[in-house]
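Visitor: Just passing along the structure, written as C-alpha cells.
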Amino acid sequence: MSVSINSDGPLDRAFAILDFVSTQIKAVTAADIAKNLDLPLPTAHRLISNLESRGLLQRAAGTKRFVVGNNLVVLAGKTIGSAFRTARRHAVLQNVATEIGEQCEIGIVRNNAVVYVDSVRVKAPQSLQFDPGHSAPLHCTSTGKIYLSMLPARAREKLVRSLHLEQHTDHTITDPKALLQVLEETRKTGWARTNEEFVKGVVGCAVPILAPGGTLIACLGVSVPVARVSFDDLQHFREPLVRAAKLLSETILEANSEFSAEEEE
C-alpha cells in the first residue's frame, strides 16, 4: 500500500521517506521505499543517499536495508525535549508534583538510555534527583520499562538480550528472561514500577505520555525515598500521573503559543 506525498518538492519527498522508515518495525530496502511512496526508484536512491550522508538514515548492520540514523534519533530527542520545556507543560508537571508531594520528571529514550528533559522537586533532596539532562539505564527505570514494554515482542526480546543489564543494586533485574516477564506485565497494566533497582532506597513509577495515534512520546514518572513511600504504596500515584500524562498528551502537538512574554524576552 503506497503513501501519498502532499507535495512534489525534494524536501517533501525526503520528509516522506523519513516518516515512512521511522514507522516501520523492520529495516526497509530502497525498493520498499520507492513502492510505498510512489517514487521512481532512481529518485528514491538519490534521496536516500542524501539522507544517509547526513546521518538521518543508516544501513542496518550487514545489509542494504535502511533504518533511522543516529542524527535523526538525536534530533528527535532534542525536539521532544524542547516541546516539553514550555510554560504550560511545566505547569502541568508542577501541579502533579504538588498534588502527590514528590519529585516528578519527564523522561524520553535516546540511544538506548533514559534522558530526563524536565523535573519538579517539591521537597528537600533526600535521594537520587532526576534533573534535566540526567540519563539512566533502560532496564532498571520505570520509563525504560515502559519504552521496552511497548516494543513489538520480537524487537523487545532482541533489545533486552542485547543490553548490558548492569547490576546497580541487589534489586536490579539482570536476568533477561525475568526482565521480559516484568515487561509483559508492564505492557498489560500500562504503567511501570521500580523497587530500588537503580539506586538503593529509591522506588518509583511512571506512565506513558502518548501522541493522539498512540505513539509513545515520553513518560511521566515519580521518584521517592522508600523511607517515605513503600513500593506497594506507589499505586496511589498512578491515577494523578495518568491524569497529568493525558493533559501533556493533549498539549504536545499544539503550537507553542503558551510561551509567556517573559520567556520570549
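If you're matching positions, the sequence shown starts at 5 in our numbering and goes up one per residue.
Ideal placement from N, C-alpha and C gives every residue a C-beta, glycine not left out.
Classify I110 as helix, strand or coil using the three-state DSSP reduction.
Guide: Residue state, collapsed to three classes: strand.
Visitor: With a CB to CB cut of under 6 Å and the five nearest residues on each side skipped, what residues in its chain are close to L45?
Guide: For L45, where only same-chain residues beyond five positions count, the Cβ hits under 6 Å are A38.
Visitor: Kindly provide the ranges of any beta strand (DSSP E) runs that are 3 or more residues long and lie completely inside the stretch 140-226, ordered along the chain.
Guide: Those beta strand (DSSP E) runs which fall completely within the stretch 140-226 and span 3+ residues are 196-199, 206-214.
Visitor: Within its chain, find whatever has a CB closer than 7 Å to the CB of F241; leave out the 5 residues flanking it on each side and keep chain order.
Guide: Counting only Cβ-Cβ distances below 7 Å, and skipping sequence neighbours, we find I104, C209, V226.
Visitor: For the beta strand (DSSP E) that A117 lies in, which residues bound it at each end?
Guide: Where A117 is concerned, the enclosing beta strand (DSSP E) stretches over 117-124.
Visitor: Can you give the beta carbon distance from L238 to R197, rounded, assuming they're within the 8 Å contact cut?
Guide: Yes, they are in contact, since the Cβ atoms of L238 and R197 sit about 5 Å apart, within 8 Å.
Visitor: For A259, is the classification buried or exposed, using 16 other Cβ atoms within 10 angstroms of its Cβ as the cut-off for buried?
Guide: Residue placement at A259 cannot be trusted, given a pLDDT of 44 that sits under 50; what the coordinates show is reported in the next sentence. Per the 10 Å Cβ criterion, exposed.
Visitor: Answer yes if the stretch 20-32 comes into contact with the stretch 68-83, meaning at least three C-beta pairs across the two stretches below 8 Å, and no otherwise.
Guide: In short, these stretches touch, since the Cβ pair count reaches three.
Visitor: Are L220 and L97 close, meaning C-beta to C-beta below 9 Å?
Guide: For L220 and L97, no; Cβs fall outside 9 Å.
Visitor: Output the distance between the C-alpha atoms of L245 and V126, rounded to the nearest integer angstrom.
Guide: About 15 Å.
Visitor: Is the CB-CB distance between L142 and N116 below 9 Å?
Guide: Contact: yes.
Visitor: Taking DSSP's pairing of strands, which residues face F24 in a bridge?
Guide: Answer is none; F24 lacks a bridge partner.
Visitor: Please report the residue range of the alpha helix (DSSP H) in which R247 lies.
Guide: Run containing R247: 239-255, per the alpha helix (DSSP H) assignment.
Visitor: Do I150 and V230 have their C-beta atoms within less than 9 Å of each other?
Guide: Contact: no.
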